[in-house]
Amino acid sequence: MAEYLASIFGTEKDKVNCSFYFKIGACRHGDRCSRLHNKPTFSQTIALLNIYRNPQNSAQSADGLHCAVSDVEMQEHYDQFFEEVFAEMEEKYGEVEEMNVCDNLGDHLVGNVYVKFRREEDAEKAVMDLNNRWFNAQAVHAELSPVTDFREACCRQYEMGECTRGGFCNFMHLKPISRELRRELYGRRRKRHRSRSRERRSRSKERGRGGGVGGGVGRDGGRERRRSRDRERSGRF
Ligand SMILES: [Zn+2]
Ligand SMILES: [Zn+2]
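Numbering (UniProt numbering) for the sequence shown: 1 to 237.
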């Protein structure tokens, strides 16, 4: 029985826990949902709710046909927003693994920004600090989010260009950043990782010269980190 409950946790079959909150970190029923929203007490991911404003959504003419903001301008505005937030998260709180912004239009998803940090402590710090901040003349609402696997949260039809629910879909429609910015933010990081592991290798070489046990230190550290991450993941079920 316990095994069965674990296997359906957070799925549509689960009559107790809300599958939308579990997978997407937001559900259209909000606090009035008849199923439980299990708010995580620790997570690598934080959600900044309703924080990005697409200038095209507010610049549309009454008939909805003309938009004062071109696609190019919108992309520039979005890239700038993304880069600024990303940089601030890394500077103030710690290394970011992944950041995503929802392009959905429903109240519970519109403009949501999800930041997945490498370390849970950084996510915790960010939530506490950001809830005292203002952005675009509105108070920031930040919370720890249960989302760690964005593939599970995303709308598969949207990714194939086939979602018929449009902006009001209840799965994430992620707004893409330009290829240039992606390369700048995530490419640079790959380089950083490479140089860091190179550093570690040369450090362990030095240690090896002295005592002979060097070389295994970096690898074990990685294994331990991975193990604790698995533990955390299974601890949530
Ligand atoms: Zn719900
Ligand atoms: Zn969709």
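For each residue, glycine too, the CB sits at the ideal point set by N, CA and C. The structure presented is a predicted model; accordingly, all values stated were derived computationally and were not measured.
Would you say residue i touches ligand 1, meaning its beta carbon is less than 7 Å from a heavy atom?
i    : result
C169 : no
H37  : yes
Y21  : yes
C154 : no
Any heavy atom of ligand 2 within a distance shorter than 7 Å of the CB on residue i?
i    : result
R151 : no
C18  : no
R28  : no
H173 : yes
Y4   : no
R165 : yes
Please classify residue i: does DSSP put it in a helix, a strand, or coil?
i    : result
I24  : helix
A142 : strand
M160 : coil
Y4   : helix
K39  : coil
Hey, residue i and residue j are a contact pair by Cβ (cut 8 Å); roughly how many whole angstroms apart?
i    : j    : result
R118 : E143 : About 19 Å; that fails the 8 Å criterion.
### Task
Report yes or no: do three or more beta-carbon pairs, one from the region 40-54 and one from the region 107-121, lie closer than 8 Å?
yes
### Query
If we count Cβ pairs, one from each stretch, closer than 8 Å, do we get three or more for the region 156-169 versus the region 178-187?
Of all C-beta pairs linking the region 156-169 to the region 178-187, fewer than three are shorter than 8 Å, placing the two stretches out of contact.
#### Entry: Inter-stretch contact (C-beta, 8 Å, three-pair minimum) for the region 152-159 and the region 76-93
no
#### Entry: the region 167-179 in contact with the region 103-110 per 3-pair CB rule at 8 Å
yes
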